[in-house]
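S.K.:
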Amino acid sequence: MLKRFYPDHDFKALLFDFDGTVADTMPAHLEAWNKGLANYNLSLSRDLHLAWAGRPTKNIVQLLNEMHGVNIPAEQFLKEKEVHYYASMHAIKTITSVVDVVNHYKGNLPLAIVTGSRRKVVEATMSHLGLDNHFDLLVCAEDYTNGKPAPDCFLKAAATFSVSPQDCLVFEDAVLGVEAAHNAGMACLRVMEDQQLQIAKK
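The opening position of the sequence shown corresponds to residue 1101 in the working numbering, with each subsequent residue numbered one higher.
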């Protein structure tokens, strides 16, 4: 299945971003952001949301505080945003092109979710989508310090699997995530807006 992209490479582990890659959660997340930010008379544009995709929520709150000269409490906002997200979770669907890859390689290669989202949010969404038992590892926002485009999260997954970075293939939709994969020394397939896959060039 992956030979059409990389005919000369046999990957030993597949690492998947979650939001916008495995699950089409981005509209639900943006809605949750704006419902939460309304309490502070702020909003987040779709373009900025996409540009910051892959960053942990706490980091985005810090950026918004700096940008607007406000002091949104990150932990409190996280809880508020999650409530709004859960309320719209029923509308979330999988990204078929990626889940087809997951189903094809499940049980044959180690599969990991590597995300900037919090573990309980990812687990709840996976349960909703019936993906509870599809992945061998979750690397979530709580598991590393430096968010994407730093390579830490992908390197942590590779180390956990005892697989070298050059033998890992990353699936990502966001620019920051693609940069993180390349910074980790990994090949990357990007999920485009039409949900098709293409090789992400450096």
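A virtual CB, placed ideally from N, CA and C, is assigned to each residue, including glycine. Please read these numbers as outputs of a predicted model, since none were measured by experiment.
Taking the straight line between their C-alpha atoms, what separation do you get for Ala1257 and His1204?
M.R.: Within the sequence shown, residue 1257 is the residue found at index 157, counting from 1. Within the sequence shown, residue 1204 is the residue found at index 104, counting from 1. Cα-Cα distance, rounded: 20 Å.
S.K.: Going straight from the alpha carbon of His1228 to that of Lys1193, what length do you get?
M.R.: Within the sequence shown, the letter at position 128 stands for residue 1228. Within the sequence shown, the letter at position 93 stands for residue 1193. Each residue's alpha carbon lies about 9 Å from the other.
S.K.: Could you name the residues that DSSP lists as bridge partners for Phe1177?
M.R.: Position 77 of the sequence shown, counted from the first residue, corresponds to residue 1177. For Phe1177, which the question treats as bridged, DSSP gives no partner whatsoever.
S.K.: Could you check what DSSP says for Val1170 in three-state terms: helix, strand or coil?
M.R.: In the sequence shown, residue 1170 corresponds to position 70, counting from 1. Residue state, collapsed to three classes: coil.
S.K.: Over the uninterrupted beta strand (DSSP E) stretch that includes Glu1272, give me the two end residues.
M.R.: Indexing the sequence shown from 1 puts residue 1272 at position 172. Run containing Glu1272: Cys1268 to Glu1272, per the beta strand (DSSP E) assignment.
S.K.: Going residue by residue through the stretch 1225 to 1254, where are the continuous beta strand (DSSP E) segments of at least 3 residues, counting only ones entirely within it?
M.R.: Complete beta strand (DSSP E) runs here, min 3: 1237 to 1239.
S.K.: Near Arg1219, what residues of its chain come up, given a Cβ to Cβ distance below 7 Å and the 5 sequence neighbours on each side ignored?
M.R.: Within the sequence shown, numbered from 1, the residue matching residue 1219 stands at position 119. So the list reads Leu1238, Cys1240 and Glu1242, once near-sequence residues are dropped.
S.K.: Could you tell me the boundaries of the alpha helix (DSSP H) in which Arg1290 lies?
M.R.: Counting from one through the sequence shown, the residue named residue 1290 turns up at place 190. Per DSSP, Arg1290 belongs to no alpha helix (DSSP H); it is in the beta strand (DSSP E), Ala1287 to Val1291.
S.K.: Buried or exposed for Phe1105, going by 16 or more other Cβ atoms inside 10 Å?
M.R.: Residue numbering aside, residue 1105 sits at position 5 when the sequence shown is read from its first letter. Looking at its Cβ environment, which holds fewer than 16 other Cβ atoms inside 10 Å, Phe1105 is exposed.
S.K.: Is Val1202 near the ligand PLP, in the sense that its beta carbon is under 6 Å from a heavy atom of that ligand?
M.R.: With respect to small molecules bound, the structure shown includes none, and the ligand PLP cannot be examined in it.
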